[in-house]
Amino acid sequence: MKTELYPGERIDELQRNGYRIIQNSDGFCFGMDAVLLSGFARVKERECAIDLGTGTGIIPILLEAKTEGTHFTGLEIQERSADMARRSVQLNDLSDKISIIQGDIREAVSIFGRASFDVVTSNPPYMTGSHGLVNPDMPKAVARHEILCTLEDVVSQAAQLLRENGRFYLVHRPFRLAEIMNVMIKHRLEPKRMKLVYPYIDREPNMVLLEGLKGGRSRITVEKPLIVYKEPGVYTDEIYDIYGY
Numbered sequence: 271m272k273t274e275l276y277p278g279e280r281i282d283e284l285q286r287n288g289y290r291i292i293q294n295s296d297g298f299c300f301g302m303d304a305v306l307l308s309g310f311a312r313v314k315e316r317e318c319a320i321d322l323g324t325g326t327g328i329i330p331i332l333l334e335a336k337t338e339g340t341h342f343t344g345l346e347i348q349e350r351s352a353d354m355a356r357r358s359v360q361l362n363d364l365s366d367k368i369s370i371i372q373g374d375i376r377e378a379v380s381i382f383g384r385a386s387f388d389v390v391t392s393n394p395p396y397m398t399g400s401h402g403l404v405n406p407d408m409p410k411a412v413a414r415h416e417i418l419c420t421l422e423d424v425v426s427q428a429a430q431l432l433r434e435n436g437r438f439y440l441v442h443r444p445f446r447l448a449e450i451m452n453v454m455i456k457h458r459l460e461p462k463r464m465k466l467v468y469p470y471i472d473r474e475p476n477m478v479l480l481e482g483l484k485g486g487r488s489r490i491t492v493e494k495p496l497i498v499y500k501e502p503g504v505y506t507d508e509i510y511d512i513y514g515y
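Counting in this note's numbering, the sequence shown runs from 271 upward without gaps.
This is how it looks when you write it as structure tokens:
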């Protein structure tokens with residue numbers, strides 16, 4: 271079936287199962303953080319997962335390629351992004367495995383019901399209103415700044431969507447790590463795994479990957495750090511493996 275492309279859109283290869291994704295050069299395109307989250311998250315056989323704020327659907331598509339999960343859902347508030355995500359699902363013939371729903375993260379429990387999923391993932395906006403300039407382009411601003419939802423919104427909805435002992439996976443910025451852990455614990459999502467991501471081995475980390483267990487006991491494993499670049503323009507072997515090159 272031919273997939274329609276609108277002005278400014280392109281199809282990018284994902285290097286996994288021959289999958290491709292539709293993106294708009296003028297809009298917000300997925301970044302390394304989404305790819306790293308898809309490599310960090312675990313979705314087991316017969317489990318169902320939802321991605322909150324899925325954008326153009328990159329995380330559900332990559333999780334379908336990388337894991338044994340039964341079904342994947344993406345929730346996205348912006349109509350244009352949700353439409354691109356649906357067309358990417360169709361493009362890859364994954365309509366029986368992935369559902370894209372347009373809706374507000376803050377209303378996720380109302381849409382899907384409590385305890386509906388085994389796994390929740392999210393690559394949420396990293397910045398609050400006090401963190402830097404807000405992009406004048408609304409899709410980019412919504413993706414980067416907490417305009418339509420806050421960290422508290424994401425974590426509280428994830429906790430309610432998860433079944434007991436379900437898992438929450440998040441990628442965020444280390445400068446908010448104390449806040450993130452406090453909010454997760456408040457909503458009974460006990461941090462269980464953490465991996466810091468460094469652009470270079472001698473730099474400060476610029477991303478953090480976290481796994482929380484609903485109703486879990488207090489014990490966290492800090493995994494070995496992930497280094498992105500060996501040298502400028504050259505990824506480390508682990509990054510190549512995550513991308514599937």
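Yeah, the Cβ is synthetic: ideal placement off N, Cα and C, and Gly gets one too.
For arginine 384, same chain residues with a beta-carbon under 6 angstroms away, outside a window of 5 residues either side, are Gln430 in chain order.
For lysine 500, the enclosing beta strand (DSSP E) stretches over residues 499-501. Residue state for glutamate 422 is assigned as helix, using DSSP reduced to three classes. Within the same chain, and ignoring the five residues on either side of tyrosine 289 in sequence, the residues whose Cβ sits closer than 7 angstroms to its Cβ are Ile331, Ala335 and Asn362. Our two residues, glutamine 360 and threonine 273, have alpha carbons roughly 7 angstroms apart in a direct line.
In the structure shown, glutamate 346 falls within a strand segment according to DSSP collapsed to helix, strand and coil.
Residue environment for glycine 297: buried (at least 16 other C-beta atoms within 10 angstroms of its C-beta). DSSP places phenylalanine 300 outside both helix and strand once states are collapsed to three, so it counts as coil.
Put simply, the backbone Cα of cysteine 419 is about 7 angstroms away from that of arginine 376. Relative to arginine 458, the option among Met477, Gly436 and Arg446 whose CA is nearest is Gly436.
The beta carbon of asparagine 393 lies closer than 6 angstroms to those of Asp303, Ala304, Leu307 and Val441 in the same chain, with the five residues before and after it left out. By the Cβ-count criterion, alanine 448 is exposed, with fewer than 16 other Cβ atoms from all chains shown falling within 10 Å of its own Cβ. For serine 351, the three-state secondary structure derived from DSSP is helix.
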